[in-house]
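Protein sequence lines, in the order shown, are assigned to chains A and B. Numbering follows the numbering used here, with no gaps: position 85 of the first sequence is 80. Numbering follows the numbering used here, with no gaps: position 1 of the second sequence is 37. We put the beta carbon where it would ideally sit given N, CA and C, even for glycine.
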Amino acid sequence: MGTSNYKKSKMLLLKKIKHVFIFTLLIALGVSCGSEGDFQFDDINVSKGGSMSQFYIEQNFLYVIEETTLSIFDIINDTPSIIAKVDIRMQGETIAKLNNTLLIGTTTGVLFYDVSNPEVPEQISEYVHITSCDPVVSDGQYAFITLRSGRNCGVADDVLEIIDISDLKNPVLVSSYSMVSPYGLALMGTNLFVGELYNGMSWFDVSDVTNIVLLKSYSEIMAIDFIVNGSDLTITTKNSLLQMQLTETNELVKLSEMVYAEN
Amino acid sequence: MKNKGHLISIVLIITMGFLCGCFEFIPEFDIEEVEGYKPIYVDADFGVELEAPIPFSDQGKIYHYSHYIFVEEVGRGFHIIENTDKTNPNKVGFFQIPLNTNIAVRGNIVYANSGPHLLALKILEDGSIITNKLPNVFNSANTKNIPPVSGNYFECVDEDLGDVIGWELATIKNPKCYY
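Shown next, in the form of structure tokens:
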């Protein structure tokens, strides 16, 4: 009897979850199909990953970096089809996209690929650095890379490098700063957040890229990676899923914290 | 001249054979228990279902979609967190996907890797999920039915048990295969 009640409540819960999920998906679809007969696929919501993602989704394409291969999938139909597979000749770690350019973080540098024609991705340039692990974020003018030494990452210093990418054919190092053990990073306007795991989280003002200023360090936030949504910052730490918000008075306030061990 | 060439070849082949004979490890199969590779199988018609929440144990990457946050459970799938109220997020479900490390969502389709395959999970209005699979598109594909690292014993693949999507290190009993 107890078991069947449990099953029943589990079923109901699942049903509820499904409904909530479907509801959201329908809203997302509804928004995109506002005007009849005019499917604007561009408006369909897509997910956003952290700086350490290996999948990047946008409009009709899914970009995947895996080991030394860049794969591009056409996702217009229910079953995706692979339209490009490129050997990038470096160990790929992270992928991000800016306009028509893919930014691929590898263990030996950042690669820039033009994907204006996704069937024929073309390498524009590469920014080579010491062997390390390196997620990359960018505002279009500058790319911010964290280089971390350690297991699987090669021997190197732990640094943050800022590269001028206004001329994508010729990325130029602007400045370099020592970090402790940088993992993921996030850019919110002129604020840069760097996750340093056991060494906490650092918040920098990067308005002047030649002289970035440490605004605050949080030793208690063992941050690994981030997602920025407007002024909201979702952080995955060693212990929790933490949500913070940058207020208009430039204060970082905690919205919630879901502790992994308790959930 | 031609004969000389042949002679050199033969000597080389014999030498190589001799060297290989000396250095190559010839596995014994008369052992009870050993550390080796074990195939990870999934049913050929494997489909993903939305499941009740499970505890976090080895959390990885995070994603945002609409008012949801997804948290990777390394290699097993991802947690679904309902986040309409950012001050009070709620874990509401789990997608179990073997050997999954990355996802991305667009509209009502969730894209997820599962070993060598790319899955497209279409979530229907009634809550059911259609799993479409684009097989063997990733490098981690091991379609040859041998483990990723040579020099190890492994549990021979039994195709009746399903589709091999990866390998795990385990203590295996009485192995009959070696690579």
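Check: With burial defined as no fewer than 16 other Cβ atoms inside 10 Å of the residue's Cβ, what is the status of Gln238(A): buried or exposed?; Outcome: buried
Check: Touching or not, the stretch 182 to 192 of chain B and the stretch 61 to 72 of chain B, by the rule of three or more beta carbon pairs under 8 Å?; Outcome: yes
Check: How about Lys127(B) and Met253(A): do their beta carbons lie closer than 9 Å?; Outcome: yes
Check: Quick check: is the beta carbon of Ser102(B) nearer than 9 Å to any beta carbon in chain A?; Outcome: yes
Check: Considering only residues of the same chain and omitting the five flanking positions on each side of Ile157(A), which have a CB-CB separation below 7 Å?; Outcome: Tyr137, Phe139, Val169, Ser170, Val204
Check: Which of the residues in the stretch 135 to 154 of chain B, read from start to end, lie with their CB under 8 Å from any CB of chain A?; Outcome: Thr137, Asn138, Ile139, Ala140, Val141, Arg142, Gly143, Asn144, Ile145, Tyr147, Asn149, Leu154
Check: Measure the C-alpha to C-alpha separation of Leu98(A) and Thr231(A) and round it to an integer number of angstroms.; Outcome: 22 Å
Check: In the DSSP assignment, the beta strand (DSSP E) including Gln238(A) goes from what residue to what residue?; Outcome: 235 to 241
Check: Is the distance from the Cβ of Arg142(B) to the Cβ of Ile39(A) below 9 Å?; Outcome: yes
Check: Tell me whether the beta-carbon of Ile139(B) lies closer than 9 Å to the beta-carbon of Glu108(B).; Outcome: yes
Check: Going by the beta-carbon positions, is the gap between Ser133(A) and Tyr99(B) smaller than 9 Å?; Outcome: no
Check: Expressed to the nearest angstrom, what Euclidean distance is found between the alpha-carbon atoms of Met85(A) and Leu106(A)?; Outcome: 9 Å
Check: Touch check for the stretch 115 to 126 of chain B and the stretch 62 to 79 of chain A: three-plus C-beta pairs under 8 Å?; Outcome: no
Check: So with Cβ pairs under 9 Å, would you call Leu187(A) a contact of chain B?; Outcome: no
Check: Is the distance from the Cβ of Trp203(B) to the Cβ of Pro171(B) below 9 Å?; Outcome: no
Check: Report yes or no: do the stretch 81 to 90 of chain B and the stretch 193 to 210 of chain A share at least 3 C-beta pairs separated by less than 8 Å?; Outcome: no
Check: Can you tell me the Cα-Cα spacing of Leu187(A) and Gly44(A), whole angstroms?; Outcome: 17 Å
Check: Measuring CB to CB, does Ala148(B) end up less than 9 Å from Phe174(B)?; Outcome: no
Check: Measure the alpha-carbon distance for Ile70(A) versus Ser76(A) and round it to whole angstroms.; Outcome: 7 Å
Check: Checking the sheet assignment: what are the DSSP bridge partners for Glu64(B)?; Outcome: DSSP output for Glu64(B) lists no bridge partner at all.
Check: Grab me the residues of Val154(A)'s own chain with a C-beta within less than 7 Å of its C-beta, minus the 5 sequence neighbours each way, in chain order.; Outcome: Leu142, Ser171, Tyr172, Ser173, Met174
Check: Using beta carbons (cut-off 9 Å, strictly below), is Gln118(A) in contact with chain B?; Outcome: no
Check: Considering only residues of the stretch 150 to 229 of chain A, which uninterrupted beta strand (DSSP E) runs meet the minimum length of 3 residues and lie entirely inside it, listed in chain order?; Outcome: 154 to 159, 167 to 173, 180 to 183, 186 to 190, 196 to 200, 208 to 213, 218 to 224
Check: Taking 8 Å as the limit between beta carbons, can you name the residues of its chain near Ala256(A), skipping five residues before and five after?; Outcome: Asn234
Check: To the nearest angstrom, how far is it from the Cα of Ile67(B) to the Cα of Lys80(A)?; Outcome: 43 Å
Check: Let me make sure I understand the geometry here. Which of Asn210(B), Val200(B), Asn168(B), Asn136(B) has the alpha-carbon closest to that of Gln95(B)?; Outcome: Asn136(B)
Check: Using 9 Å as the limit for Cβ to Cβ distance, is Val173(B) near chain A?; Outcome: yes
Check: Please determine, among Ile222(A), Gln240(A), Leu236(A), the residue with the shortest C-alpha to C-alpha distance to Ile216(A).; Outcome: Leu236(A)
Check: Quick check on Glu257(A): does DSSP put it in helix, strand or coil?; Outcome: helix
Check: Whose Cβ in chain A lies nearer than 8 Å to the Cβ of Tyr99(B)?; Outcome: Ser42, Lys43, Gly44, Gly45, Ser48, Ile222
Check: Quick check on the DSSP output: what are the complete beta strand (DSSP E) runs of length 3 or more inside the stretch 102 to 130 of chain A, in order along the chain?; Outcome: 104 to 109, 117 to 123
Check: Per DSSP, what are the beta-bridge partners of Thr89(A) in this structure?; Outcome: Gly100(A)
Check: Whole angstroms are fine: how far does the CA of Phe65(B) sit from the CA of Val146(B)?; Outcome: 44 Å
Check: Since Lys212(B) is in the beta strand (DSSP E), which residue starts that stretch and which ends it?; Outcome: Lys212(B) -> no beta strand (DSSP E), and no H or E assigned at all.
Check: Note down, in chain order, all residues in the stretch 246 to 258 of chain A with a beta-carbon under 7 Å from any beta-carbon belonging to chain B.; Outcome: Leu250, Ser251, Met253, Tyr255, Asn258
Check: Chain A partners of Leu170(B), CB-CB under 9 Å?; Outcome: Phe68, Thr74, Pro75, Ser76, Ile77
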